[in-house]
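Numbering (the numbering used here), first residue to last: 191 to 497. From the three backbone atoms N, C-alpha and C, an ideal C-beta is built for every residue, glycine too. In what follows, a structure is listed as structure tokens, so that the remarks can point back to it.
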Amino acid sequence: MTSGQQPPVPPGASSRIKERQDHPEHLNRLLAYSHLYKTATRWRRIRTWGNVLLALTAPLFAVFLPAGAGTRGAIAALWLVLGRTVLSGVEHIASLRAVTIQELYDTKLFHLPWNQALVGRQPVPDDVSSAARRISDHGPYLNWYSVDLGDTPWPGDVLLCQRQSAVWSRRDHHAYGTFLAISGSIWALAIIVFALVRNMTLLAFLVALFLPSAAALLDTIELARSHWQQSVKRRQVEDDIHDVWNKHQANTGDIPAEECRRLQDATYLLRREGPPVPNWFYNRRRSETTAVTNDGTTTLRSSTDPR
């Protein structure tokens, strides 16, 4: 905020995030980016299920149609290239659109300035409305930032919402990365045991089992590592939020809005570069994570140090 510029919220007042977030203008942005994230994950799902299909059918073909191992290996290699070029590119485009509208949602809800140098132009309302209309059930999207903000003044209430986002993402990325690592390890061990039981030669194992499974195994390894790295980086943002909060806890209305904008920039970059957590995994953990972040926020508001 430049010198002489009026703050968007009166000094010492709350920005009423809990109330305003369910208003149509904000809810539509939330619905829009949620739909676009779902579109991106659909492309990821096509890629994933193609990998899984090749991997799961490899042992069956190795037993009943061993003569076609070379052809299946070529198909697996072609799918690997297709998945890492075309499908990955389409997924990235949809994900980038979602991240941009999510940034619009946060900045408007938080009364933060738009960083055009980092994000580019704001999405036009027509595109937001078009995407939002694809979701008819608004129930799961109400009270999106669920933490109790009490009478925390702006921009302290913004910082608490940014914290919920950071903690939520950190936990989900770590958990999903672990899930992928365990799943990939189990499958790798399974095809090795299968090859040993069948007394397959190394060449037969590589052509009939490993090559068809290579795309799935490579994706699993890379995704697990990416989700773990994302979790670590989210923790760094979370720690930064705690430092800002502890420094100004006596009067959170004195938190410089520039600090929230800086943290929002870091969050945007992580969203833009990081892999999304699938909806089914997010929904499975949602109730627990909501309770955990609500409890954590209550503790933070009543203590000088959450650690």
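Do you know whose CA, among the options, lies nearest residue i's CA?
i, options, result
"Ala230", "Trp358, Thr488, Pro468 and Arg475", "Pro468"
"Ala365", "Leu226, Arg206, Tyr472 and Trp304", "Tyr472"
"Val383", "Glu478, Phe400, Ala371 and Gly367", "Phe400"
"Gln419", "Glu448, Arg461 and Arg388", "Arg461"
"Arg289", "Pro197, Pro214, Leu220 and Leu270", "For the record, residue 289 in the displayed sequence is Val; it is not Arg. With distances taken between Cα atoms, Val289 lies closest to Leu220."
"Gly367", "Cys351, Ile411, Val199 and Gly329", "Ile411"
"Gly131", "Gly202, Ser359 and Asp212", "Nothing about residue 131 can be read from this structure; the chain reaches only from 191 to 497."
"Val242", "Asp429, Lys437, Asp409 and Glu293", "Asp409"
"Thr442", "Asp316, Gly202, Arg475 and Trp269", "Gly202"
"Glu293", "Ser224, Leu268, Leu277 and Asp316", "Ser224"
"Tyr295", "Gly374, Pro214, Ser278 and Ser373", "Pro214"
"Trp470", "Val276, Pro197, Pro198 and Arg235", "Arg235"
"Asp433", "Ser493, Ala267 and Leu268", "Ser493"
"Glu448", "Lys228, Thr297 and His282", "Thr297"
"Ala267", "Gln439, Val397, Ala440 and Arg474", "Val397"
"Glu463", "Thr261, His282, Pro197 and Pro198", "His282"
Taking Cβ to Cβ, would you say residue i is nearer than 8 Å to residue j?
i, j, result
"Gly273", "Gly240", "yes"
"Ala222", "Ile291", "yes"
"Ser416", "Pro446", "no"
"Ala405", "Leu244", "yes"
"Leu379", "Trp435", "no"
"Val314", "Asn484", "no"
"Leu489", "Gln354", "Leu is not the amino acid found at residue 489; the sequence shown has Thr there. No; because the gap between Cβ atoms is not below 8 Å, this pair is not in contact."
"Ile376", "Ser403", "no"
"Tyr458", "Leu308", "yes"
"Leu413", "Leu370", "yes"
"Leu453", "Val427", "yes"
"Arg451", "Leu302", "yes"
"Arg361", "Leu299", "no"
"Asn305", "Asp455", "yes"
"Ser204", "Pro343", "yes"
"Ser319", "His363", "no"
Say yes only if the C-beta of residue i is nearer than 7 Å to one or more non-hydrogen atoms of the ligand ZN, and no if none qualify.
i, result
"Val387", "The ligand ZN is not part of this structure, which contains no ligands at all."
Rounded to the nearest angstrom, how far is the Cβ of residue i from that of residue j, given a contact under 8 Å?
i, j, result
"Arg424", "Ala356", "5 Å"
"Leu332", "Ala284", "Incorrect: roughly 24 Å between the Cβ atoms, too far for contact."
"Asp347", "Ile207", "5 Å"
"Gln352", "Ile431", "6 Å"
"Thr479", "Trp358", "5 Å"
"Arg491", "Gly340", "7 Å"
"Val280", "Trp233", "5 Å"
Are the C-beta atoms of residue i and some chain C residue less than 8 Å apart?
i, result
"Ser224", "The question asks about chain C, but that chain is absent: this structure has only one protein chain."
Looking at C-beta atoms only, is the number of pairs between the stretch 323 to 332 and the stretch 382 to 400 that lie closer than 8 Å three or more? no
Could you tell me which uninterrupted alpha helix (DSSP H) segments, each at least 4 residues in length, are contained entirely in the stretch 406 to 475, listed from first to last along the chain? DSSP runs (the alpha helix (DSSP H)) wholly in the stretch 406 to 475: 447 to 463.
Return the chain-ordered ranges of every beta strand (DSSP E) run that is complete within the stretch 320 to 345 and spans a minimum of 3 residues. Those beta strand (DSSP E) runs which fall completely within the stretch 320 to 345 and span 3+ residues do not exist here.
Every unbroken beta strand (DSSP E) within the stretch 215 to 290, with a cutoff of 3 residues, ordered by chain: none
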